[in-house]
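**Q**
Chains as they are written, first to last, in the working numbering: chain A, 46 to 480; chain B, 46 to 480.
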């Protein structure tokens with residue numbers, strides 16, 4: 046008879062509803078396979094073809110042999126063996142960052158990570174050293190960040206977004222930093238997604254980005270900029286990232302992901318950390334080097350195989366990804382247009398129902414005059430065949446109880462229209478007057 | 046001018062020599078490319094061919110289409126998208142475990158991880174919840190474990206091995222548990238490599254394994270069994286793993302790795318955790334489910350691409366790996382024989398120099414009458430062209446200062462013979478009489 050462990054004896058994060066929420070997000074789709082799902086923040090998958098994988102791999106191997114002049118022995122080593130903890134394809138990523146985002150950075154300041162998630166974990170671990178250290182997060186916030194903080198027993202302080210479409214509020218960050226310091230705590234870093242945030246869909250305009258950088262400069266709080274959706278603006282015009290605006294001033298650690306611009310199954314992301322670190326003996330390193338030391342304790346290396354395939358995709362795209370993603374951008378932009386038009390049609394005359402108008406990305410938020418929780422979701426899926434994500438799990442200190450997140454990335458326009466129709470029936474049923 | 050961070054403000058692990066030791070292990074080879082290196086615990090790489098990767102991938106895709114009956118849409122989803130946090134190939138791994146190790150386990154009790162390293166991190170995090178919780182480790186110990194513990198700020202208590210060839214001493218574990226409890230601490234788990242341990246090369250015989258399981262049963266301390274080298278015995282005869290001996294009694298969490306039996310660049314490992322966990326409401330889950338929740342905060346998924354390639358290798362090997370690894374076993378066995386013979390020849394008449402006689406695996410340990418530290422290593426590499434690993438970094442509470450680890454996995458027999466010759470010249474130089 047197998048041993049019984051008490052949940053109460055295991056790490057506290059496992060009894061935290063937050064982690065259940067994340068598991069729930071990952072697996073809810075499987076529970077109602079026939080439902081139209083606005084739940085997962087997944088890329089549309091008809092862009093992918095398994096037959097491309099050997100092609101991308103061959104492209105990267107050709108690059109190693111021809112451009113880098115590696116012998117067959119070295120090629121074998123690169124793909125099959127343990128490699129540098131910082132990763133293999135940092136030089137290719139640095140060139141793509143320069144072309145796509147005007148971010149100029151030494152490849153040595155990059156660490157290739159197992160998705161942006163590992164990058165978050167490493168950055169949080171390095172920066173938050175003791176019980177007085179505090180991580181600030183935009184609120185609502187991606188659960189991957191608050192979850193990683195929970196795993197490390199960190200203290201998290203939410204900073205509100207400026208209205209339904211405004212993104213993180215720089216003045217609110219400055220205020221939170223003052224309050225924390227007055228209480229004897231050390232605000233260390235602030236996590237923010239300036240473009241089409243998950244879950245809110247909100248974006249910061251350029252003046253707000255500049256004000257945020259100024260707050261970081263003045264307070265010494267590092268900004269952790271996460272940018273998974275930046276290519277996918279509805280208008281096609283892109284705003285500069287915080288990292289690009291900051292240049293080499295070191296106020297920003299940048300997290301990048303290939304999950305949406307290449308594919309999630311590779312699990313390849315990266316971080317840019319060009320801050321200098323000085324030890325007690327005066328020796329200097331890059332923050333990236335320190336983060337790589339931590340990575341040797343989490344995953345040792347990012348899959349060399351995955352890096353080779355992503356490297357091949359970068360090479361085939363001419364070491365820039367934005368153009369290669371233009372068909373995807375148009376697809377997602379049309380989906381968001383479709384979603385917003387469908388919401389207008391379904392809800393514009395319903396009192397108490399409102400929604401925001403994201404400028405791009407995968408997500409929009411609908412506010413309803415009833416509790417939109419896991420129980421409501423389950424009923425909605427069962428009775429009306431449509432899935433969405435409750436917003437309460439994205440609020441570290443409560444809130445979002447009457448909001449639901451709709452993701453439009455994974456569906457066709459036809460599915461979006463039908464999905465909103467079904468959602469409207471569910472909402473109508475729940476309204477006080479039954480309208 | 047980029048921002049300057051003080052190392053003292055970052056997490057304490059970054060100022061710990063342990064993490065430098067790990068980085069050092071990974072990168073020392075690059076510093077002396079011409080030296081013969083007994084340092085890295087890498088598999089021999091002439092077994093690998095990049096042309097095999099598309100073949101393995103095709104094998105797995107064929108399995109999805111034909112045996113599992115997936116549509117092209119589902120195949121695409123499996124390889125490219127986010128997937129179940131527990132992983133895709135757990136059913137294939139479970140079948141290989143049954144064939145290779147007589148470990149019978151429900152695939153639902155498996156989590157596919159980014160190498161065994163991520164498995165360690167997850168298990169340590171789940172089991173060590175508070176400041177009184179203690180992780181016991183065999184001493185000397187693999188730095189990946191003590192490093193992961195440091196990253197999580199865990200308390201580590203070393204348990205000595207029983208002599209140079211004996212592996213972890215069960216009586217010493219029982220004693221350590223008593224002492225910890227008497228001091229008001231909670232010993233939670235004990236990390237052990239029963240077969241050909243890294244770094245000592247020592248193995249536990251079957252009676253010792255049974256005694257260890259009895260200590261676990263009596264004290265409630267979970268055993269974390271790590272088994273990267275188990276296939277590579279010199280005699281070919283394999284001892285049963287702790288997990289196989291324990292059956293379904295739940296005293297063991299088993300960590301597996303494909304780094305040595307397939308290849309490191311895939312970064313695919315797994316854990317088996319069939320313990321049942323009961324919550325305050327009486328709800329039950331498997332420990333594997335709880336560990337998967339933590340994984341959603343570290344890496345979300347293990348690379349689907351890497352899992353597909355490893356899955357293809359498992360399928361091509363008839364869902365067993367031991368036979369497919371017989372040529373590798375013979376290669377490593379011959380290397381270890383060669384190493385031990387060369388050590389006999391070089392050192393048998395030198396007073397104060399001794400070494401152990403591992404029954405297999407990648408590592409042996411030489412004891413010398415002088416400090417075998419990083420400085421000695423650097424001189425040895427520079428003057429004599431041979432690299433090894435100082436043992437002091439593997440001792441959590443000091444020790445090993447006069448020992449060096451030799452890894453024979455990555456070299457040819459000819460290189461081993463020449464390497465030991467060079468090492469003998471270095472040692473002779475350092476002996477008191479200059480002999």
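Cβ atoms here follow ideal geometry from the backbone N, Cα and C, with glycine treated the same way.
Every value quoted in this text rests on a predicted model; they were computed, and no experiment measured them.
1. Assuming contact is defined by CB atoms lying nearer than 8 Å, are residue 296 of chain A and residue 262 of chain A in contact in what I supplied?
2. Counting C-beta neighbours from all protein chains within 10 Å, is the total for residue 96 of chain A 16 or more, i.e. buried, or is it exposed?
3. Give the residues of chain A in contact with residue 126 of chain B, contact being defined as C-beta atoms less than 7 Å apart.
4. Output needed in chain order: residues of the region 343 to 356 of chain B with a Cβ under 8 Å from some Cβ in chain A.
5. With burial defined as no fewer than 16 other Cβ atoms inside 10 Å of the residue's Cβ, what is the status of residue 352 of chain B: buried or exposed?
6. Quick one: is residue 56 of chain A near chain B, going by C-beta distance under 8 Å?
7. Using 10 angstroms around the beta-carbon of residue 280 of chain B, count the other beta-carbons present and answer buried if the total reaches 16, otherwise exposed.
8. Keeping to the same chain, check which residues put their C-beta closer than 8 Å to that of residue 172 of chain B; ignore five residues upstream and five downstream.
9. So, using beta-carbon positions, are residue 86 of chain A and residue 303 of chain A closer together than 8 Å?
10. So which residues on chain B does residue 296 of chain A lean against when the C-beta distance must stay under 7 Å?
11. Which chain B residues sit within Cβ distance under 9 Å of residue 321 of chain A?
12. So what does DSSP say about residue 480 of chain B, is it helix, strand or coil?
13. Between the region 452 to 472 of chain A and the region 130 to 147 of chain A, are three or more C-beta pairs nearer than 8 Å?
14. Hey, could you find the ends of the beta strand (DSSP E) residue 425 of chain A is sitting in?
15. Report the three-state DSSP secondary structure of residue 332 of chain A (helix, strand or coil).
16. Taking just the CA atoms, how far does residue 323 of chain B sit from residue 330 of chain B?
17. Using only CA atoms, which one of A/311, A/421, A/337 lies nearest to residue 121 of chain B?
18. When DSSP labels each residue in this structure, what does residue 58 of chain B get in the three-state scheme?
19. Return the bridge partner residues of residue 155 of chain A from the DSSP annotation.
20. When you compare the CB of residue 153 of chain B with every CB in chain A, is at least one pair closer than 8 Å?
21. Does the beta carbon of residue 183 of chain A come closer than 8 Å to any beta carbon on chain B?
22. Leaving out five residues before and five after residue 284 of chain B in sequence, what residues of the same chain have Cβ atoms less than 6 Å from its Cβ?
23. Quick check: the Cα distance between residue 170 of chain B and residue 339 of chain B, rounded to an integer number of angstroms?
24. Can you round the beta-carbon distance between residue 269 of chain B and residue 380 of chain B to whole angstroms, since I take them to be within the 8 Å contact cut?
25. Can you round the beta-carbon distance between residue 289 of chain A and residue 154 of chain A to whole angstroms, since I take them to be within the 8 Å contact cut?
26. Looking at C-alpha atoms only, which residue of A/152, A/403, A/414 is the closest neighbour of residue 451 of chain A?
27. Residue 411 of chain B by DSSP, collapsed to three states: which one?
28. Pairing CB atoms from the region 354 to 364 of chain A with CB atoms from the region 99 to 113 of chain A, are three or more of them under 8 Å?
29. List the whole-angstrom C-beta distance separating residue 124 of chain A from residue 441 of chain A, where the pair is believed to meet the contact cut-off of C-beta under 8 Å.
30. Output the residue ranges of the alpha helix (DSSP H) runs that lie fully inside the region 88 to 141 of chain A and measure 4 residues or longer, sorted by chain position.
31. For residue 319 of chain A, which residues in the same chain have their Cβ closer than 8 Å to its Cβ, ignoring the five residues on either side in sequence?
32. Given that residue 98 of chain A touches chain B, what residues does it touch there, using C-beta distances under 8 Å?
33. If you count every other CB in all the chains shown that lies within 10 Å of the CB of residue 216 of chain B, and 16 or more means buried, which is it?
34. Closer than 7 Å by beta-carbon distance: list the chain A residues that pair up with residue 170 of chain B, in chain order.
35. Smallest Cα separation from residue 439 of chain B: which of B/58, B/64, B/48, B/93?
36. If you count every other CB in all the chains shown that lies within 10 Å of the CB of residue 116 of chain B, and 16 or more means buried, which is it?
**A** Looking at the coordinates:
1. For the purposes of this step, residue 296 of chain A is taken as the residue at position 251 of the first chain. For the purposes of this step, residue 262 of chain A is taken as the residue at position 217 of the first chain. Taking 8 Å as the Cβ cut-off, residue 296 of chain A and residue 262 of chain A qualify as a contacting pair.
2. Within the first chain, the letter at position 51 stands for residue 96 of chain A. When all chains shown are included, residue 96 of chain A counts as exposed.
3. Sequence index remark: in the second chain, residue 126 of chain B carries index 81 (1-based). What residue 126 of chain B touches in chain A: 87, 90, 309, 310.
4. Going along the region 343 to 356 of chain B in chain order, one finds 343, 344, 345, 346, 347, 348, 349, 350, 351, 354 with a Cβ nearer than 8 Å to chain A.
5. Within the second chain, the letter at position 307 stands for residue 352 of chain B. The residue in question, residue 352 of chain B, is buried, as its Cβ has 16 or more Cβ neighbours within 10 Å.
6. Taking the first chain and counting its residues from 1, one reaches residue 56 of chain A at position 11. It does; some Cβ of chain B falls within 8 Å.
7. Position 235 of the second chain holds residue 280 of chain B. Under this definition residue 280 of chain B is an exposed residue.
8. Taking the first residue of the second chain as 1, we reach residue 172 of chain B at position 127. Excluding sequence neighbours, residue 172 of chain B sits near 178, 180, 233, 234, 267.
9. Reading the first chain from its first residue, position 41 is the one you call residue 86 of chain A. Reading the first chain from its first residue, position 258 is the one you call residue 303 of chain A. No.
10. Here residue 296 of chain A refers to the residue found at position 251 when the first chain is read from its first residue. Correct list: 48.
11. By one-based count along the first chain, residue 321 of chain A stands at place 276. Result: 47, 48, 49, 50.
12. For the purposes of this step, residue 480 of chain B is identified with residue 435 of the second chain, where counting begins at 1. Low confidence applies to residue 480 of chain B: its pLDDT is 48, below 50, so where it sits in the model is not reliable, and the reading given next is rough at best. If DSSP states are grouped into helix, strand and coil, residue 480 of chain B belongs with coil.
13. no
14. One-based indexing of the first chain puts residue 425 of chain A at position 380. In the DSSP annotation of this structure, residue 425 of chain A is not part of any beta strand (DSSP E); the continuous alpha helix (DSSP H) holding it starts and ends at 419 to 429.
15. Within the first chain, the letter at position 287 stands for residue 332 of chain A. DSSP places residue 332 of chain A in helix when its eight states are reduced to three.
16. Working through the second chain from its first residue, we reach residue 330 of chain B at position 285. Working through the second chain from its first residue, we reach residue 323 of chain B at position 278. The alpha-carbon of residue 330 of chain B is positioned some 7 Å away from that of residue 323 of chain B.
17. As a position in the second chain, residue 121 of chain B is number 76, starting the count at 1. Nearest of A/311, A/421, A/337 to residue 121 of chain B, Cα basis: A/311.
18. Mapped onto the second chain, residue 58 of chain B falls at position 13. If DSSP states are grouped into helix, strand and coil, residue 58 of chain B belongs with the helices.
19. Here residue 155 of chain A corresponds to residue number 110 of the first chain, with the count starting at 1. In the DSSP output, where bridge partners are listed per residue, residue 155 of chain A has A/317.
20. In the second chain, the residue the question calls residue 153 of chain B occupies position 108. By this cut-off, residue 153 of chain B is not an interface position.
21. The count along the first chain starts at 1 and reaches residue 183 of chain A at position 138. So no, residue 183 of chain A is outside the interface.
22. As a first step, residue 284 of chain B is located in the second chain; it is residue number 239 there, counting from the start. These residues qualify, in order along the chain: 251.
23. Position 125 of the second chain holds residue 170 of chain B. Position 294 of the second chain holds residue 339 of chain B. Computed Cα separation, rounded: 8 Å.
24. Along the second chain, one-based indexing puts residue 269 of chain B at 224. Along the second chain, one-based indexing puts residue 380 of chain B at 335. About 28 Å; that fails the 8 Å criterion.
25. Taking the first residue of the first chain as position 1, residue 289 of chain A is located at position 244. Taking the first residue of the first chain as position 1, residue 154 of chain A is located at position 109. The Cβ separation is near 14 Å, so there is no contact.
26. Against the first chain, residue 451 of chain A aligns to sequence position 406. Nearest C-alpha to residue 451 of chain A among A/152, A/403, A/414: A/403.
27. In the second chain, residue 411 of chain B corresponds to position 366, counting from 1. The answer is strand: DSSP assigns residue 411 of chain B an E or B state.
28. yes
29. Sequence index remark: in the first chain, residue 124 of chain A carries index 79 (1-based). Sequence index remark: in the first chain, residue 441 of chain A carries index 396 (1-based). Incorrect: roughly 41 Å between the Cβ atoms, too far for contact.
30. 97 to 107, 117 to 125
31. Here the question's residue 319 of chain A lines up with position 274 in the first chain. Only 150, 151, 154, 293, 295, 331, 332, 333 meet the Cβ criterion.
32. Locating residue 98 of chain A in the first chain gives position 53, where the first residue counts as 1. Simply 99, 102, 124, 350.
33. Working through the second chain from its first residue, we reach residue 216 of chain B at position 171. Exposed, because fewer than 16 other Cβ atoms sit within 10 Å of the Cβ of residue 216 of chain B.
34. The count along the second chain starts at 1 and reaches residue 170 of chain B at position 125. Under the 7 Å cutoff, chain A gives 56, 196.
35. What you label residue 439 of chain B is simply residue 394 of the second chain in a count that begins at 1. Checked all of B/58, B/64, B/48, B/93; the closest Cα to residue 439 of chain B is B/64.
36. As a working mapping, residue 116 of chain B is identified with position 71 in the second chain. Exposed: under 16 other Cβ atoms inside 10 Å.
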